[in-house]
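Chemist: With this note's numbering, letter number 96 in the sequence shown gets 96, and the count goes up by one each step, no holes. We treat Cβ as the ideally placed atom computed from N, Cα and C, and that holds for glycine. Please read these numbers as outputs of a predicted model, since none were measured by experiment. Pasting a structure below so you can have a look.
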Amino acid sequence: MPGLPSSVDLDECIESLYKKNLLAESVIEAICAKTKELLMQESNVVHVQAPVTVVGDIHGQFYDLIEIFKIGGWCPDTNYLFLDMFDFLTLSVVINNQIFCVHGGLSPSIHSIDQIKIIDRFREIPHEGPMADLVWSDPDPERDEFSLSPRGAGYTFGAQVVKKFLEVNNMSHILRAHQLCQEGYQHGLERSELLL
Numbered sequence: 001m002p003g004l005p006s007s008v009d010l011d012e013c014i015e016s017l018y019k020k021n022l023l024a025e026s027v028i029e030a031i032c033a034k035t036k037e038l039l040m041q042e043s044n045v046v047h048v049q050a051p052v053t054v055v056g057d058i059h060g061q062f063y064d065l066i067e068i069f070k071i072g073g074w075c076p077d078t079n080y081l082f083l084d085m086f087d088f089l090t091l092s093v094v095i096n097n098q099i100f101c102v103h104g105g106l107s108p109s110i111h112s113i114d115q116i117k118i119i120d121r122f123r124e125i126p127h128e129g130p131m132a133d134l135v136w137s138d139p140d141p142e143r144d145e146f147s148l149s150p151r152g153a154g155y156t157f158g159a160q161v162v163k164k165f166l167e168v169n170n171m172s173h174i175l176r177a178h179q180l181c182q183e184g185y186q187h188g189l190e191r192s193e194l195l196l
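So, in structure tokens, the structure goes:
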């Protein structure tokens, strides 16, 4: 990672973490500062090419991350996309211009992926609005359109919303996280939505 202090060897840090060793606080601070700087340069919507392994919520659980690497392959041999959210990560990723990946779900304020690109993501996630919707919304097979979420943030949305979003953006699927899925993944609304 260019720009890190010469005393920080990123490959050594990764190797140490794979062995379940702790890093010094100063090393973590340096890596986080550089990562934040790099993430601020990223677009709100990042386009990637397959193959990529998509991972839902791990909520910062290190041992879950190591288990995922054991199952899916170690970096850099396997490319990963994590759908967890925090203040500087991109809001969504598009795989092969066909698969829209997001942590939560869709927003009644967002019809085109281009609208996501102009959201100011460099802040705490708000309680309402398009950014909150992308993080907190959930599908609901009982609904066709948007409805306020019982969670208190975001919306629930139905199959018609998914279908329209995919058509407008010329995509085939939505991959999302944000809900427990015991089997690792499950198909959602009309099989065009996949939960991880």
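1) Please report the straight-line C-alpha distance between Gly154 and Lys20, rounded to a whole angstrom.
2) Considering only residues of the same chain and omitting the five flanking positions on each side of Ser147, which have a CB-CB separation below 8 Å?
3) For Phe100, list the residues DSSP reports as bridge partners.
4) Ile119: buried (16+ other C-beta within 10 angstroms of its C-beta) or exposed?
5) Since Ala177 and His103 should fall inside the 8 Å C-beta cutoff, what is the C-beta to C-beta distance between them, to a whole number of angstroms?
6) According to DSSP, simplified to helix, strand and coil, what is Thr156?
7) Quick one: is Ser92 near chain B, going by C-beta distance under 9 Å?
8) When the Cα atoms are used, what is the spatial distance from Ile14 to Thr90?
9) Ignore the nearest five residues each way along the sequence and tell me which others in Asn79's own chain have a CB closer than 8 Å to its CB.
10) State buried or exposed for Leu134, treating a residue as buried only when at least 16 other CB atoms are found within 10 Å of its CB.
11) DSSP three-state call for Ser149: helix, strand or coil?
12) Please classify Thr53: does DSSP put it in a helix, a strand, or coil?
13) Relative to the alpha-carbon of Asp87, which residue among Glu124, Val46, Gln115 and Ala132 has its alpha-carbon at the smallest distance?
14) Taking the C-alpha atoms as reference points, what is the distance between Phe122 and Met40?
Modeler: Taking the definition as stated:
1) 37 Å
2) Hits under 8 Å: Asp140, Tyr155, Thr156 and Phe157.
3) Bridge partners of Phe100 according to DSSP: Val94 and Ile174.
4) Ile119 comes out buried.
5) 6 Å
6) strand
7) Judged by its chain identifiers, the structure shown contains no chain B, having just a single protein chain.
8) 22 Å
9) Val48, Pro51, Val52 and Thr53
10) buried
11) coil
12) strand
13) Glu124
14) 8 Å
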